[in-house]
Structure formats: structure tokens, C-alpha cells
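Numbering (mature numbering (1 follows the signal peptide of the UniProt record, and there is no 0)), first residue to last: -17 to -1, 1 to 152.
Where is the CB? At the ideal position from N, CA and C, for every residue including glycine.
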Amino acid sequence: MLKISVVVIGLLQMTLALKCKPRSIYVAEDGCNYCHCPTNGVKEMSICSTIDCVAHNKCIPGVHFQPDDLCSRCACPHNGRRSEAACAAILCLPQQDCTPGTSFRADDGCNTCHCPASGLKSQAACTKMACDRCIPNTSFPLDCNTCICPPSGLKSQAACTLKACLSIT
């Protein structure tokens, strides 16, 4: 009788792991993407953002690196995950923070900037388009697709279904 109980509990735990709260937003198993649980509560059918977490979160164990804020210095932990690194603030002096002549995405996530000869982002010329915004953790339509607004509130970073939409003209 004990073996049957253990099997039933194990199956129940596996079933619960495949479920999510309908219409909720949850952090994906990778720890950096967000998913929108469908109305049927089946995780496998969730719509998730597609941030390249692996490339952004890796470091070489034991090696120091400078994170995105450029005003800290971090030591990569033994597991190689940047997100778990021990960091210390450093004196943040003005510095060349972009490569002259190249383009980069503005902090707003939707405009593009051109790096000047000085290499200082603060002196860059940027487009001034109005960025489409949305309410974080809510869904919105885009053509025939459904998108989930990310925590940043920028539609340009939303996770959307990838249905092929037919346009009727």
C-alpha cells in the first residue's frame, strides 16, 4: 500500500509541475523569461518571452567581469552564472562606453543611437521616435497575435504568439 501512495504522490507532483494559474504571468524555468499562462492552465501552451538568457548570464568561474551598469566589478561564481555573482561598487568615471561610428539601441529600447568620435553615449545622436508602451504583465493584441507586456512596459520587448496573419484587402 505504501508503494502505491508514493507513486500517486509522485504523479500528482508531476501533474502540478505541468500546470500554471490560468491568465497569470510567471517566470519561466530559465529564470529570466516571462510566460503568460493560457486559460486552460497548461504550461506547455504558455506564451513566453525569448530573451537569450544563456548568452547574457554566463561568465567564466573565478574571473572578474564588469556588469552592464559599468560601475561595479563582479567575481564570477563557481556555477558560471552572472546573476549569482558577488559584486562591489567601483568609482564610476566618465569613460568611452561605445565604439565610435557604431550604432546601439537607446535605453528606451526602441530608438537607435550613433556613437560619436568621443565614444561617450551621453554625446550620441539618437532617433526620437515615440516608443509604444503597454501595461506590464498584461496582454494586448498585435494583428492576429496576442502579446504579453514585459516588466519594462515596452511593446518592443513583448513576447507574442507567432501566428501567420492573413491580411484581407
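For N120, no beta strand (DSSP E) segment is defined, and its DSSP state is neither H nor E. One Cα belongs to C130, the other to C98, and the distance between them is close to 32 angstroms. Taking each of C109, A107, L137 and T85 in turn and checking the Cα distance to R116, the smallest one comes out for L137. A distance of 8 angstroms or more separates the beta carbons of M112 and C127. In the displayed model, K111 falls within coil according to three-state DSSP, outside both helix and strand.
Burial check for I118: the Cβ neighbour count within 10 Å stays below 16, so the residue is exposed. Non-local beta-carbon contacts of G24 in its own chain, meaning distances under 8 angstroms to residues more than five positions away in sequence, involve K2, C3, K4 and P5 in chain order. Within the DSSP bridge table, the entry for P134 names no partner.
Excluding its 5 nearest sequence neighbours in each direction, T121 has C-beta neighbours in its own chain below 7 angstroms: C132, listed in chain order.
According to the DSSP assignment, V25 belongs to no beta strand (DSSP E), since it is labelled neither H nor E. Pairing A89 with S32, the inter-Cα distance amounts to about 20 angstroms. The alpha-carbon separation between Y9 and A108 amounts to approximately 37 angstroms.
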